[in-house]
Structure formats: C-alpha cells, structure tokens
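Notes for the one structure printed next.
Residue numbers (the numbering used here): 1378 to 1444.
Here it is as structure tokens:
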C-alpha cells in the first residue's frame, strides 16, 4: 500500500518528506527520449533501453517492483 501511495503522490508532483522522492523533471517525454538516444554510444536505443536510461537518470520515474 505504501508503494501505491508513493507513486500516486509522485504523479501529483508532491514531495514526501523522509522517503527521498525527487521532484518531477522539467523535461517533456520527447526531450527525455532525445537526450537518452543522443547520450548512447551509437545514438540508437530500443524503447526498453530508453525507459531504463530515463529511470536511471531521473529517480522520479523509477517504478517500484511489485511484491
């Protein structure tokens, strides 16, 4: 239940004190995708690689593993 609440509050761009949540990045998804692709070695990534890159660079987008 805590995981669901944390994700819900992240989506509404609120900050949770003590849970180490990051604010939402100022970039749009298209910009994040472009940055991810341009920062790769061969300037080409698959969709899952783009998602992985974004979640590593911006903890706001980390998805909690379901238990």
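For each residue, glycine too, the CB sits at the ideal point set by N, CA and C. None of these values were measured; they are calculated from a predicted model.
Return the CA-CA distance between residue i and residue j, expressed in angstroms with no decimal places.
{"i": "residue 1439", "j": "residue 1433", "result": "7 angstroms"}
{"i": "residue 1402", "j": "residue 1420", "result": "22 angstroms"}
{"i": "residue 1417", "j": "residue 1405", "result": "19 angstroms"}
Looking at residue j and residue i, is the spacing between their C-beta atoms short of 8 angstroms?
{"i": "residue 1414", "j": "residue 1424", "result": "no"}
{"i": "residue 1399", "j": "residue 1437", "result": "yes"}
Beta-carbon of residue i versus every beta-carbon of chain B: anything under 8 angstroms?
{"i": "residue 1413", "result": "In summary, chain B is missing from the structure at hand, where a single protein chain is found."}
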